[in-house]
Amino acid sequence: MKSLKRNFKSDSQSNTISSKTFVRSTKSGKLQKVVSEIYLRSDIPCSSKLCPLCPSIAPADANGNVPKPILSSRPAGTKAFPAGHYLVPDTNAFMNGMDLFEDPGAFYDVIVLQTVLEELKNRSLPLYNRTLALTRSEEKRFYVFFNEFRLETYIRRNEGESINDRNDRAVVRAAKWYSEHLPRRKCPAVVVLTDDQANLQKAKAGGVTAYSLRDYVSCLENVDRLLDMISEARQGQEDRPQPGELIYPEYYSNSKILTGLKAGVLHQGIFHVSPYNYLEGTVQVAAFDRPLIIIGRESSNRAISGDSVVIEVLPKEQWKAPSSKIIEEETLNQNDNPEVEETEAVITEKERRALQEEVKKAHGAPTEARSQPTARVVGVMKRNWRQYVGTVDPGSTGSFASQGRKQQTVFLVPMDKRIPKIRIRTRQADELVGKRVVATIDSWDRDTRYPVGHYVRSLGDLETKGAETEALLLEYDVQYRPFPKTVLDCLPVEGHGWRVPASSSDPGWIGRKDLRGLLVCSIDPPGCQDIDDALHARPLPNGNYEVGVHIADVSHFVKPNNAMDEEATARGTTVYLVDKRIDMLPMLLGTDLCSLKPHIERYAFSTMWEITPDADIVSASFTKSVILSRDAFSYEQAQMRIDDRNASDDLTQSMRTLLSLSQKLREKRMEAGALNLSSPEVRIETDSETSDALTDVKTKASLATNSLVEEFMLLANTTVAKKIQSSFPQTALLRRHAAPPASNFADLNDQLKRMKGFELDVSSSKALADSLDKCVDLANPFLNTLIRIMATRCMTSAEYFCSGSHAEPEYRHYGLASEIYTHFTSPIRRYADLLVHRQLAYAIGYSGQGSEYVDEGLRNKSKLEGVCKNLNFRHRNAQMAGRASIEFYVGQALKARGETTPDSGINVEGYVIRVFENGAVVFVPRFGVEGLVRLDDFELKGAGEGRRESEFEIENYRLKVWEKGREDKAASVELFQKLNVRVSSEEKSGAREKGKRRVRIVVLAS
Amino acid sequence: MPLDTASTYGQTLLRTDGRRWNELRRISASISTQPSTDGSSQFVMGNTVVVCNIVGPREGRGQRDTNNALIETEVTVAPFAQTDRRRRTKGDKRVQELQTTISSAFQAHLFTHLYPRSSITISLHVLSLDGALLASCLNAASLALVDAGVPMPSILAAVTSGVITSTDGITPSDPILDLNNSEELELPFLSVGTVSGLSEHQEDKVSVLIMESRIQIGQNGKKLEAMLAVGVDGCKQVRTIMGEVVRTHGTRILRGRK
């Protein structure tokens, strides 16, 4: 049999065929030898309009079209090349100067060699894609020359020659061929551009004109502007880290962690990443008051925001001030290549550089007090990975048209900025671009920079309402599937036809008081369907008043431990989005059977007080009841009715009584030190006809009737809390709001003191409330609200807890200045209230229908603690989902406005709430949004496209911005400053921004 | 990561190995490579190497068909044939399908009625694989059957053809001939085998056609039609080469007789 090895000499084609062989190692460490054929040819045109030969040999495609020559006959030149030149950049030139090549002012007639293109693809897919886009555009005249396939320019790799050297040689050879191939007369020069010293010398030795990028650019016009565009990391070439040393440090062993924790050397806590700087995270541990800072990828060691980690404090020399700079992963690492794994460093050069600058800052800081303890992660106790919603980074996908089955690796950029990019493998990359995609993280090994995950499903196109809403719900872990049949089976069989039994001998009436005669009414936001609460008040013969708060008796319908109860436990709360409500209980209960609708008898759980006209509580009682609500008011309607002098019916009178009592109650509460905090709240008004078109964004109005309802609900909650605590000393479900540690306010206090001369006294809630009242700037009336908003953020969040798990003094609700508190008044939309109902029913010895179902869980402390934990989690997520939904709709409203009036953007007032070294965070009260303002978003008088420079005075929280070289035209902003900003919704090119349609805020020139 | 066809073809009109759209890889073939068998051949198409041995026609044991010879095919793909070493078991479904396709192609093509109650076994060994598995197997078997002297109306020649699909609208949707392995992974392709018409004026007849990738049909580009046209045309080229191989071999044998 013949030998398989091909005998090149005997073949007539032997000089036109060659083969490319290389060895690669797979992830598992196996070596693979890849052999591919190369057919060398002499009919690859040079594509210059000057060439007399090539048009005759130019090939045609299947339809017989011959491509026209690309390179112009009179190319542009510089001082050094009066006859013009063709540029032959090498790979480094593209790596470091991509922005230059894309610049419309220079760099025409460029020959992109196949060697370069191939190398570029290996190094950075995004840059490769950008280069390809250039070759497709007609005006830039970039020509792809397949030098590896042309007989004359193909070179064989020598024995022992590195692939880089061989490629450099190929570039020189191709450039040489070009200069020899083109006709001698008035020939444009062929110039090799490189950013590598060695290559420069090689080219010169090979007799080819060669320039370094920097030298070449300096002979162009617009030198300054172009020079700025050369990548900072241009020296990155020399110290490219070697593979092998580039892995994350290993985690400590389990036993080492356990002993360390016991000895107090190691600490455990939850890892949180800063939303402004993805390289910086904090961990709050029990041992210290203030959180420890974790800086850099190596220190955070594969921990993802939300993980429970074990940390070790770093030596004092490495302590640093928290970052004052905005660092976004997007902008820093946009050229990462998802496929290549072997030669990749854990920390990219740019990241390292960004951190270095930080260190210098910290060391240069005059006051050492600013540097704070830092730590590094040495182990992960529990991963808190979930499913992440994001978008596929289009720059990381490979070919444009891969209908084949080829698998490729792409980056999924999660919506949540604190989560790193996830590397996923997919066969449908081009279908996924532009979609909202759900993925999970599978693992994060020591040797990969980014975690590895897999595709779960696609939610739909970006920016469509359905996909964005679903993305939001998934992101905040809201369970939004329709209720399963087992749950629906628990509903009353009568359905909407259910009525309070007519005869009072019915078992449903046992233990229930007949309160149908009372003048009960409900006051809720307009359009409210799930009416939880109703009120009444009537004068008593002794001059006091009887006031009743009637809460929907949900516990009558939701029996403990059935499918519906379990579903409600899991959901925890109803989630309100702008256009959607995700119910905790099925519609039938929430909006009909439980809802205290007017003119229909309903079961209720009533709390009644005897109150003196001075709003002192004489006595309180609780009972299950049947009520008949006389009317359902909206806040406005109720206010109008109360204000209407002609109305003097009993219902109106009772509402007036309620209002006056509530005002007195409120006064007392404020006296006790309740905080009047503020959170930015806006309401989105939707056109009810077409729920699509948003009419406007409005800030929430507050009426006296709002606080009427609020006061009595607070009263009911407090009264009930006392009652259940006395019956269930160990297992009452209560709500507490811990007093915030003074250190939380340290930053804000410092800022206020320096900027405005105010001081916050945080010794007690009363003191804080008083000092907040004093923070008034007559020139800037909004400042007070702003400070309240910022103060709110310094507080801890209120939480549900089980009375046995805290000592009695810790039951306190700081914000409401109440000794004890719980949630009782909204059982339709909060599960906690439902549990409290059950506890209260037990506490008052209710023995009617349903009391035969005993919920053992009510007395099981550990079970209740689990429930509390889940409720707190759900509650927080529901709030965040609601806020995110508003944010999305504000964006959509702006977008809609932008579409009707092309020159979009609305000029409004904004307030600076945070200042960074390279940007500021501005809060816009009109829309209740806050946004990052980067240096480029500062409008400067008469400024061009030049690079922005800035100076940050950390002491005075002041940022000065100017265009390079025009320092006289600088703009400066400082903390709390009122600004005129333009808010618009802009589509950004970045993968993260793109989906969320970030509201862009531009600071206008004053 | 080497370049891919779809992103650069539009600019250069070159494929990733330097070929134009309508060029075959280098083909070389020889017959009577294994004297101990009834017929044998070696077929090389680029980096794909297939060796074929024929046993028969001989008496078929347990063969029930009293009118025709039965064609049986065995295909073994060597574990070292591709980049990653992979052992394929006998029961490999893809290999089984390959065997059935080859058997039925030759069952219809050969004059099997001349050998009733007998069987012809085609055994194919893929030593190196760089795309066009079915096409190379068919070609190798064709040549080996000629060597074995089994009568047939013409030589069955096969080739693969694919199409470069563009989504951006700029890259032309060119059909391409004879894909190598990396192209097969990237692009939709089909394998087509034809036999020549009975007289010179008759068109070739497609006898084998298999496509496993998805492609849009009936678009303005008429991609499938273009692929088929290029494939049928490629088969003609391959048949010419194969005919040449047979003729050279024949001449040598005749010369040896003298």
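Protein chains in written order, with the working numbering: chain E, 1 to 1006; chain G, 10001 to 10258.
The C-beta atom is built at its ideal place from N, Cα and C for all residues, glycine as well.
Using the Cβ count rule (16 or more neighbours within 10 Å means buried), how would you classify D10174 of chain G?
It counts as buried.
For the alpha helix (DSSP H) holding S707 of chain E, just list the boundary residues, first then last.
Where S707 of chain E is concerned, the enclosing alpha helix (DSSP H) stretches over 704-727.
Do R136 of chain E and D109 of chain E come within 7 Å of each other at the CB atom, strictly closer than that value?
Result no, Cβ atoms of D109 of chain E and R136 of chain E do not sit closer than 7 Å.
Output the distance between the C-alpha atoms of Q10063 of chain G and R10087 of chain G, rounded to the nearest integer angstrom.
Cα to Cα, Q10063 of chain G sits roughly 31 Å from R10087 of chain G.
Report yes or no: is there a C-beta of chain G within less than 7 Å of the C-beta of A401 of chain E?
For A401 of chain E, the predicted structure reports a pLDDT of 46, less than 50, and the residue's modelled location is therefore unreliable. A value from the coordinates is still provided. Interface residue, yes.
Return the chain-ordered list of same chain residues with a C-beta closer than 8 Å to the C-beta of Q242 of chain E, the five sequence neighbours on each side being excluded.
Reliability of the predicted coordinates at Q242 of chain E is poor, the pLDDT of 43 falling under 50, and the value obtained from them is presented with this limitation in mind. If we look at Q242 of chain E and ignore the five residues flanking it on each side, it has no Cβ neighbours.
According to the Cβ coordinates, are V922 of chain E and V908 of chain E closer than 7 Å?
No, these two residues do not count as a Cβ contact at 7 Å.
For H550 of chain E, which residues does DSSP report across the bridge?
E:A534, E:S606, per the DSSP bridge assignment.
Could you tell me which chain E residues have their CB closer than 9 Å to the CB of N10047 of chain G, listed as they occur along the chain?
Per Cβ cutoff of 9 Å: S19, V35, S36, E37.
Distance, Cα to Cα, E636 of chain E vs T705 of chain E?
Rounded to the nearest angstrom, the two C-alpha atoms are 8 Å apart.
Would you mind stating whether S10036 of chain G and C10052 of chain G have Cβ atoms separated by less than 7 Å?
No; because the gap between Cβ atoms is not below 7 Å, this pair is not in contact.
Strictly below 7 Å CB to CB, what residues from chain G border F101 of chain E?
Correct list: empty, because the minimum Cβ distance to chain G is about 16 Å.
Taking 8 Å as the threshold, find out whether the region 111-118 of chain E comes into contact with the region 84-93 of chain E through three or more Cβ pairs.
They touch, by the three-pair rule.
Indicate whether at least one CB of chain G lies closer than 7 Å to the CB of Q32 of chain E.
Q32 of chain E counts as touching chain G.
Taking just the CA atoms, how far does P59 of chain E sit from A10226 of chain G?
In a straight line, the C-alpha of A10226 of chain G is about 19 Å away from that of P59 of chain E.
Can you check whether the C-beta of Q10202 of chain G is within less than 7 Å of a C-beta belonging to chain C?
Absence of chain C from the displayed structure is noted, the protein chains being E and G.
What in chain G is Cβ-close to D61 of chain E, meaning under 8 Å?
The answer, in chain order, is L10013, W10021, P10172, D10174.
Which whole runs of the beta strand (DSSP E) in the region 10107-10162 of chain G are 3 residues long or more, in chain order?
Listed in chain order, the complete beta strand (DSSP E) runs (minimum 3 residues) inside the region 10107-10162 of chain G are 10118-10128.
Counting only beta-carbon atoms, is T115 of chain E nearer than 7 Å to chain G?
Taking Cβ atoms only, chain G never reaches closer than 7 Å to T115 of chain E, which makes this a no.
So, are the CB atoms of V377 of chain E and R436 of chain E less than 7 Å apart?
Result no, Cβ atoms of V377 of chain E and R436 of chain E do not sit closer than 7 Å.
Is P10151 of chain G near F10111 of chain G, with beta carbons less than 7 Å apart?
Going by C-beta atoms, P10151 of chain G is nearer than 7 Å to F10111 of chain G.
Could you work out which residues of chain G lie near L1059 of chain E, taking near to mean beta carbons separated by less than 7 Å?
Not covered by the structure: residue 1059 of chain E. The range shown for chain E is 1 to 1006.
Within the same chain, show all residues whose beta-carbon is closer than 7 Å to that of G460 of chain E, passing over the 5 residues directly before and after it, in chain order.
So the qualifying residues of the chain are K435, R436, G466, A467.
Using a C-beta to C-beta distance shorter than 8 Å, which residues of chain E count as neighbours of A10226 of chain G?
Per Cβ cutoff of 8 Å: A62.
With DSSP run on the structure shown, which of helix, strand or coil describes N10053 of chain G?
If DSSP states are grouped into helix, strand and coil, N10053 of chain G belongs with the strands.
Could you check whether the Cβ of R10083 of chain G sits closer than 7 Å to any Cβ belonging to chain E?
Contrary to the premise, residue 10083 of chain G reads as Thr rather than Arg in this sequence. Answer yes: the Cβ-Cβ gap between T10083 of chain G and chain E drops below 7 Å somewhere.
Cα separation between H454 of chain E and M10211 of chain G?
Answer to the nearest angstrom: the Cα atoms are 29 Å apart.
Starting from W177 of chain E and walking both ways along the alpha helix (DSSP H), at which residues does that stretch end?
Unbroken alpha helix (DSSP H) run through W177 of chain E: 163-181.
At least one CB of chain E closer than 7 Å to the CB of L10134 of chain G: is that the case?
No, L10134 of chain G does not count as interfacial toward chain E.
Can you pull the chain G neighbours of T1007 of chain E, defined as C-beta to C-beta under 8 Å?
Missing from the structure shown is residue 1007 of chain E; chain E here goes from 1 to 1006 and no further.
Hey, is the region 548-563 of chain E in contact with the region 490-497 of chain E, meaning 3+ C-beta pairs nearer than 8 Å?
Yes: the two stretches touch, three or more of their Cβ pairs being nearer than 8 Å.
Just to confirm the assignment, what range does the beta strand (DSSP E) spanning G919 of chain E have?
Where G919 of chain E is concerned, the enclosing beta strand (DSSP E) stretches over 919-924.
Measure how close the beta-carbons of R628 of chain E and A881 of chain E come, nearest whole angstrom, since I'm counting them as under 8 Å.
Sequence check: residue 628 of chain E is Leu here, not Arg. In fact, because the Cβ distance is near 36 Å, the residues do not count as touching under 8 Å.
For H85 of chain E, name the three-state secondary structure that DSSP assigns.
In the structure shown, H85 of chain E sits in a strand (DSSP, three-state: E or B).
Leaving out five residues on either side along the sequence, give the residues of the same chain with a beta carbon under 7 Å from the beta carbon of I551 of chain E.
Contacts found: D532, D533, A604, F605, F824, T825, P827.
Can the beta-carbon of A10144 of chain G be found less than 7 Å from the beta-carbon of Y10115 of chain G?
Cβ atoms of A10144 of chain G and Y10115 of chain G: not closer than 7 Å.
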